[in-house]
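Visitor: Here it is: the structure, laid out below.
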Amino acid sequence: MLLSLFSGSIFEKKYVRPFLSTLFLDGYRLNPETLWQKEILDNTLRIAELTEGKEFGYEYKIVNLLTAMWLELLSHSNEDKAADGNRLQEKAVCSIITYINEHYSEKITLEEISEAVHKSQSECCRLFKLIAGRTIFQYLEELRIEKATILLKTSPLSVDQISMRTGFQSSSYFIKKFHEKTGLTPLAFRKNG
0 MLLSLFSGSI FEKKYVRPFL STLFLDGYRL NPETLWQKEI LDNTLRIAEL TEGKEFGYEY
60 KIVNLLTAMW LELLSHSNED KAADGNRLQE KAVCSIITYI NEHYSEKITL EEISEAVHKS
120 QSECCRLFKL IAGRTIFQYL EELRIEKATI LLKTSPLSVD QISMRTGFQS SSYFIKKFHE
180 KTGLTPLAFR KNG
């Protein structure tokens, strides 16, 4: 509504509605290295400052900034058609990450991931490596270690219990992988943490 100013306005018809179904709804990654994107990020911080400061007329200033940001996004929306493909790839990787985050404590296979995100196994591997910079199973292992470190710090569970709860098939494998990632055994980590 802020961008439309009022229902049925020329702004709504020309600059808001046509873009809502196709633009930015799944998120838009802004890079501070790109000047126009940096300006949007800076304006976002300015809006936060205005909201906290609540100086006279801050609402008008926020609407002006939001409108300028929206116009900037719209003016660059057709620059690079490849960006749409990149967003689809990122969305697929986000789906893989979501699946892993929900099932890390279970035994996970590539086939299960592939079925969950409706992509071939090879496509899942290729996209994940391209976008995340590591393999699916490297990410899974890192997540399991991260979850284990939290449990070691916050729970009285034994190393065996933590290894099972975080999806490792045996405590010896868990200890080995934990040591590789942290340089400490789980018990030493707990003692030092």
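Per numbering that gives the first Met the number 0, the sequence shown starts with residue 0, numbered consecutively.
Even for Gly, the Cβ is constructed at its ideal location relative to N, Cα and C.
Values in this document were obtained by computation on a predicted structure and should not be read as measured data.
1. Can you grab the Cα-Cα spacing for the pair F167 / L34, in whole Å?
2. I need the straight-line Cα distance from L4 to F10, nearest angstrom please.
3. Given a threshold of 16 other Cβ atoms within 10 Å of its Cβ, counted over all protein chains shown, does T165 qualify as buried or as exposed?
4. E51 to L70, Cα distance in whole Å?
5. Note down, one range per segment and in chain order, each beta strand (DSSP E) of at least 3 residues found wholly within the region 105-159.
6. How far does the alpha helix (DSSP H) with Q195 in it reach, from first residue to last?
7. Return the first residue and the last residue of the alpha helix (DSSP H) that T43 is part of.
8. Ordered along the chain, which non-local residues of its own chain (more than five positions away) have a Cβ less than 7 Å from that of S64?
9. If you check the beta carbons only, do K37 and L49 fall under 8 Å apart?
10. Please report the Cβ distance between V92 and F136, rounded to the nearest whole angstrom; I am assuming they are in contact, meaning their Cβ atoms lie under 8 Å.
11. Can you name the start and end residues of the alpha helix (DSSP H) that R189 belongs to?
12. If distances are taken between C-alpha atoms only, which option among V15, E105, T97 and S8 comes closest to L68?
13. State the start and end residues of the unbroken alpha helix (DSSP H) segment that holds N63.
14. Please report the straight-line C-alpha distance between F55 and L2, rounded to a whole angstrom.
15. Could you tell me if I112 is buried or exposed, where buried requires 16 or more neighbouring beta carbons within 10 angstroms of its beta carbon?
Guide: This is what the structure gives:
1. 45 Å
2. 7 Å
3. buried
4. Looking at the two C-alpha atoms, the distance is approximately 25 Å.
5. none
6. Absent from the model: residue 195. The displayed extent of the chain is 0 to 192, so no value can be given.
7. L34 to G52
8. As written in the sequence, residue 64 is Leu, which differs from the Ser given in the question. Excluding positions up to five away in sequence, the list reads N42, R45 and I46.
9. One thing to note: K37 has its Cβ no nearer than 8 Å to the Cβ of L49.
10. Incorrect: roughly 14 Å between the Cβ atoms, too far for contact.
11. P185 to N191
12. At residue 68 the sequence reads Met, which differs from the Leu that was named. For M68, the closest alpha carbon among the candidates V15, E105, T97 and S8 is that of V15.
13. Y57 to S74
14. 21 Å
15. Burial of I112 is indicated by the presence of at least 16 other C-beta atoms within 10 angstroms of its C-beta.
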